[in-house]
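Residue numbers (the UniProt record's numbering): 1 to 215. Even glycine gets a Cβ: it sits at the ideal position worked out from N, Cα and C. Computed from a predicted structure; not experimentally measured.
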């Protein structure tokens, strides 16, 4: 496991959390996987909560990039293509995140930590991490509506929820069912990129600016 000791500890924490979930991760097991003494962890992280926050931020690296790119996409390509690009990153993120955070729902302290900002708690006025993608997609869609590429009557919060919820469900199904069930029973493509394209197309159906509002 290359890199500095901090990097090794962080990589080990992500690995253990993916296997066991946040609630069942111990610093002893992280130290074992990292090949360091357990006490060494506290030379780099104040406590387990700080280590969990850093680990979740590491997992969220890809989706952070997608969030930063969204404002740059306003007025470029098509709205559908831009949403598909974001959706594909969101699927990857949920595929990594769900095994880690599943047990969190049964842990009141960790749930409270997430509600208070979780990994983003030190970022001032930043909203809690679970709603950051919603905020980004809403802002993007409102900007596209402002330049006339989204129907004036479209409701960005609901379009964002549809897109993000569909990505989360797809990741959930792929994690818990065999590939043939995804395609043959759920009727969904095995390729996340194709799914992302189809979801973006479905979300945008009837919401292009050129279309008249349905009665």
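Within 10 angstroms of the Cβ of residue i, are there 16 or more other Cβ atoms? Answer buried if so, exposed if not.
{"i": "residue 156", "result": "buried"}
{"i": "residue 82", "result": "buried"}
{"i": "residue 140", "result": "buried"}
{"i": "residue 147", "result": "exposed"}
{"i": "residue 221", "result": "Shown here, the chain extends from 1 to 215; a query on residue 221 therefore has no answer."}
{"i": "residue 52", "result": "buried"}
{"i": "residue 207", "result": "buried"}
{"i": "residue 129", "result": "buried"}
{"i": "residue 219", "result": "Any question about residue 219 goes unanswered here, given that the chain covers just 1 to 215."}
When the Cα atoms are used, what is the spatial distance from residue i to residue j?
{"i": "residue 61", "j": "residue 116", "result": "20 Å"}
{"i": "residue 191", "j": "residue 101", "result": "24 Å"}
{"i": "residue 94", "j": "residue 11", "result": "18 Å"}
{"i": "residue 35", "j": "residue 184", "result": "44 Å"}
{"i": "residue 44", "j": "residue 6", "result": "6 Å"}
{"i": "residue 137", "j": "residue 41", "result": "37 Å"}
{"i": "residue 9", "j": "residue 29", "result": "11 Å"}
{"i": "residue 47", "j": "residue 20", "result": "19 Å"}
{"i": "residue 176", "j": "residue 111", "result": "23 Å"}
Using the DSSP secondary-structure output, state which residues sit across from residue i in a beta bridge.
{"i": "residue 207", "result": "Paired residue(s): none; residue 207 is not in a bridge."}
{"i": "residue 150", "result": "208"}
Select from the options the residue whose C-alpha is nearest the C-alpha of residue i.
{"i": "residue 216", "options": "69, 20 and 50", "result": "A query on residue 216 cannot be resolved here, the shown segment of the chain reaching from 1 to 215 and no further."}
{"i": "residue 219", "options": "96, 47, 45 and 15", "result": "The structure shown does not extend to residue 219, since the chain is modelled only from 1 through 215, so no value can be given for it."}
{"i": "residue 172", "options": "47, 96, 53 and 86", "result": "96"}
{"i": "residue 78", "options": "194, 150, 47 and 58", "result": "150"}
{"i": "residue 153", "options": "182, 193 and 204", "result": "204"}
Confirm the yes/no value for this check: CB of residue i, any heavy atom of the ligand COA, distance under 7 Å.
{"i": "residue 45", "result": "The model on display carries no ligand, and the ligand COA is accordingly not part of it."}
Within a Cβ cutoff of 6 Å, which residues of the same chain sit near residue i, ignoring the five residues on either side of it in sequence?
{"i": "residue 181", "result": "none"}
Between which residues of its own chain and residue i is the CB-CB distance below 7 Å, once the five residues before and five after are set aside?
{"i": "residue 215", "result": "Its pLDDT being 48, under 50, residue 215 is placed unreliably by the model, and the measurement read from it follows with that caveat. So no residue of the chain qualifies."}
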